[in-house]
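Beneath this line is the structure, given in structure tokens, with notes to follow.
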Amino acid sequence: MPDPIRLSVGDVAPDFTLPSDTGEEVSLAGLLGEGRKVIVYFYPAAMTPGCTKQACDFSDSLDSLQTGGYTVVGISKDTPAKLAKFRERDGLGITLLSDPDLAVHEAYGAYGEKKLYGKLVQGVIRSTFVVGTDGRVELAQYNVKATGHVSKLHRDLGLDVPALRSAAGAGGKDA
Numbered sequence: 020m021p022d023p024i025r026l027s028v029g030d031v032a033p034d035f036t037l038p039s040d041t042g043e044e045v046s047l048a049g050l051l052g053e054g055r056k057v058i059v060y061f062y063p064a065a066m067t068p069g070c071t072k073q074a075c076d077f078s079d080s081l082d083s084l085q086t087g088g089y090t091v092v093g094i095s096k097d098t099p100a101k102l103a104k105f106r107e108r109d110g111l112g113i114t115l116l117s118d119p120d121l122a123v124h125e126a127y128g129a130y131g132e133k134k135l136y137g138k139l140v141q142g143v144i145r146s147t148f149v150v151g152t153d154g155r156v157e158l159a160q161y162n163v164k165a166t167g168h169v170s171k172l173h174r175d176l177g178l179d180v181p182a183l184r185s186a187a188g189a190g191g192k193d194a
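Residue numbers (the numbering used here): 20 to 194.
What follows is the structure, encoded as structure tokens:
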């Protein structure tokens, strides 16, 4: 399989419309129309330890991110029903979107060949993007770690790092 697409700073972010955990259709264009930058992050699977940690960290820091002018959406291949369970189980405040055919993952370069436990496999590449109000990529990070990523993102964006749930409470391993 060819190398996945890699977005870079300045690229136009691919638009998307995906179902959310509430069943509502959410588009990047619609989110950008609200006048905020959008943090789009891709994660392998809802309700796994690493993905739970990352989602909880984004939820715990949502006030700080919103105050800084950002909206957060997490995208996985999970169904809207599973995402709804994920939101409810972990008290998540972020928008969760379903991309079951991985088309949006692929458009962002968040699906392809990666190393997992030392072996090359096809799968979701944990990635985060900041899309400016002009629809262009302002930050593109691939192969991020679930634990510590949200704090690092805050520093990268020049925002104060909020207190986050402990790793024991939300799982601490990458999924």
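Glycine residues also receive a C-beta, built at the ideal position from the N, C-alpha and C atoms.
- Within the model, the alpha-carbon separation for Ile24 versus Leu50 is close to 23 Å.
- Relative to Tyr130, the option among Val149, Lys96 and Gly154 whose CA is nearest is Lys96.
- The alpha-carbon of Lys133 is positioned some 14 Å away from that of His124.
- Shown here for Leu111: same chain residues with a beta carbon closer than 6 Å to its own, the five before and five after excluded, namely Ala74 and Ser78 in chain order.
- The DSSP-derived three-state label of Arg25 is coil.
- Under DSSP, Glu132 shares a beta bridge with Gln141.
- The residue from Phe61, Leu84, Thr71 and Gly142 with its alpha-carbon nearest to that of Ser170 is Leu84.
- Using a Cβ-Cβ distance cut-off of 8 Å, the segment 33-46 and the segment 104-123 are in contact, since at least three pairs of beta carbons, one from each stretch, lie closer than that value.
- Under the three-state reduction of DSSP, Tyr127 is assigned to helix.
- Between Arg155 and Val45, the beta carbon gap of about 20 Å keeps them out of contact (Cβ cut-off 8 Å).
- Counting C-beta atoms within 10 angstroms of its own C-beta, Asp109 has 16 or more neighbours from the protein chains shown and is therefore classed as buried.
- In this structure, the straight-line span from the alpha carbon of Ser80 to that of Val143 is close to 24 Å.
- Just measuring C-alpha positions, the residue of Ala100, His168, Val28 and Tyr60 sitting nearest Val92 is Tyr60.
- Arg174 and Val163 do not touch by the CB rule: their CB atoms are close to 13 Å apart, not below 8 Å.
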